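Let me begin by presenting the structure, written as structure tokens, before commenting on it.
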Amino acid sequence: MYTNILVATGGSPWSDAAVAYAIAIASRTGAKLHILTVLLNPSAYTTPDVMGGVEVVADVVEYQGRELLAQAEAKARAAQVDAETMYRWGSVPDTILQMAAETACDLMVLGARQLSGWKRLRLGRHVNAVAAKARRPVLVVKAPPAAAPGQPLGRRILVATGGSPWSDMAVEHAIQLAQTERFSLCFLHVMPGRRPEPGAEETGRTTLARASMRAAEAGIETTEVLESGDVSKAIVDTAAREACDGIILGSRGSSGWKRLMVGSISNAVAAKTALPVLIVKQPVPSY
């Protein structure tokens, strides 16, 4: 399913969770794990009147980065996962995206902080920036997996489908993953608004039936759920109600300023839920 996985770590609890998830997935799929830490410009920590301050801070930051990578690599080795480590100076989002391209990764794993109250309505700026610009699937996690490395990561996954090309890509990705992990899929279609437009229910049921038929051909057990209302809320609530272990959804690949908005639905879902969210990206068209 995956051959190269990139995970970024910064030493926070949520980035530690990302490392744990990346190791677990690599252990299950046999993928090579690329562990990255991004070091910020040392001048951000010093003042102009401190002689030699930049050099001293740079040494400290680099040492701490190497220590983080060594700890993550040790965990990967303990799980018998092939791993390499790397550190780079620069902007966090841009560096992650650059290394994703250089390593030819087919999955990026990022940690996001679990917040409460109104703060949970926003996703971390680094995660949002990476997910917005990425051309590869991005897994956003907030807690380490409950299962030990090598063990199944879940039993049931919710897949949001709307019939668009990018949601169809999410369905196909979910089916491939379900075949590897042997879990069932819960397909959800949400009709936007409290009063769906005429024909919306028929369209939704047709979309769900098509997804289930494709999964059945692959030998995957499925259930179908049709909801109406706020799309992101329906996705999060349905995943909780149906006892799902994760969420998969598609996001349209855009260019220019549009890509800064990752997709309001995928962004909102990843921000609101405590479950891991896999955002499958439609490649940006090239002309």
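For what it's worth, the numbering used here labels the leading residue of the sequence shown as -12, then goes sequentially. All C-beta atoms, glycine included, are put in the ideal place defined by N, C-alpha and C. As the structure is a computational prediction, the values presented were derived from the model and not from experiment.
- Query: Are at least three pairs of beta-carbons, each pair with one atom in the stretch 44 to 63 and one in the stretch 78 to 86, less than 8 Å apart?
  - Reply: Touching, no, given that fewer than three Cβ pairs across the two stretches are closer than 8 Å.
- Quick one: using the 10 Å Cβ neighbour count with 16 as the cut-off for buried, is Ser253 buried or exposed? buried
- request: Return the first residue and the last residue of the alpha helix (DSSP H) that Leu84 is part of.
  value: Val79 to Glu89
Open item on the list: Report the start-end ranges of each alpha helix (DSSP H) in the stretch 108 to 191 that is 4 residues or longer and not cut off at the edges.
Closed with: Residue ranges of uninterrupted alpha helix (DSSP H) with 4 or more members, entirely inside the stretch 108 to 191 and ordered along the chain, are 112 to 120 and 152 to 168.
**Asked** Can you name, in chain order, every residue of its own chain whose Cβ lies under 8 Å from the Cβ of Arg142, other than the five neighbours on each side?
**Response** Result list for Arg142: Phe170, Ser171 and Asp232, in chain order.
Margin query: Please report the distance separating the alpha-carbon of Tyr74 from that of Met86.
Written below: 10 Å
Would you mind giving the Cβ-Cβ distance between Ser219 and Val256, rounded to the nearest angstrom? I have them listed as a contact below 8 Å.
5 Å
- Item | Delimiting residues of the alpha helix (DSSP H) encompassing Thr225 | Val218 to Arg228
**Exposure label - Val47; buried when at least 16 CB within 10 Å** = exposed
*State the beta-bridge partners of Tyr74 as determined by DSSP.*
Assignment of beta-bridge partners to Tyr74 by DSSP yields Thr24.
Worksheet item: Can you tell which of Trp1, Val223, Leu(-7) and Leu26 has the C-alpha that lies nearest to the C-alpha of Glu60?
Response: Closest option to Glu60, Cα to Cα, is Leu(-7).
Out of Pro132, Thr190 and Leu145, which one is the CA nearest neighbour of Ala11?
Pro132
Here's the rule I'm using: 16 or more other beta-carbon atoms within 10 Å means buried, otherwise exposed. How should Ala165 be labelled? buried
- prompt: Are the Cβ atoms of Met95 and Arg123 separated by less than 8 Å?
  reply: yes
*Report the rounded CA-to-CA distance for Met178 versus Thr193, giving the unit in angstroms.*
13 Å
Based on the DSSP secondary-structure assignment, which residues constitute the bridge partners of Glu214?
-> Val177
Alpha carbon to alpha carbon, what distance is there between Glu49 and Gly191? 52 Å
Practice prompt. Report yes if the C-beta distance between Val68 and Leu20 is below 8 Å; otherwise report no.
Written response: Leu20 is positioned such that its CB atom lies closer than 8 Å to that of Val68.
Practice problem: Would you decide whether Ser151 is buried or exposed? Buried here means 16 or more other CB atoms lie within 10 Å of its CB. | Solution: exposed
Handout entry: For Lys19: DSSP bridge partner residues
Key = Paired residues: Asn(-9).
Spatially closest choice to Pro136 from Ile207, Leu175 and Glu168, by CA coordinates: Ranking Ile207, Leu175 and Glu168 by Cα distance to Pro136 puts Glu168 first.
Quick check on DSSP: helix, strand or coil for Ala4?
In the structure shown, Ala4 sits in a helix (DSSP, three-state: H, G or I).
Report buried or exposed for Thr209, applying the criterion of at least 16 other Cβ atoms within 10 angstroms of its Cβ. buried
Simplified DSSP state of Val43, which is helix, strand or coil = helix
To which residues of the same chain is Met38 closer than 8 Å at the C-beta, ignoring the five residues directly before and after it? Because Met38 sits at a pLDDT of 49, beneath the cut-off of 50, its placement in the model cannot be relied upon, and the point is left open.
Checklist line | Residues of its chain near Tyr8, where Cβ-Cβ distance is below 6 Å and the 5 sequence neighbours each way are ignored | finding: Val96, Val128 and Pro132
Three-state secondary structure assigned by DSSP to Gly98: strand
Helix, strand or coil for Ser253, going by three-state DSSP, please let me know. helix
- request: Kindly list the residues whose CB is nearer than 7 Å to the CB of His160, restricted to its own chain and excluding five residues on each side of it in sequence; keep chain order.
  value: Around His160: Pro124, Ile235 and Val267.
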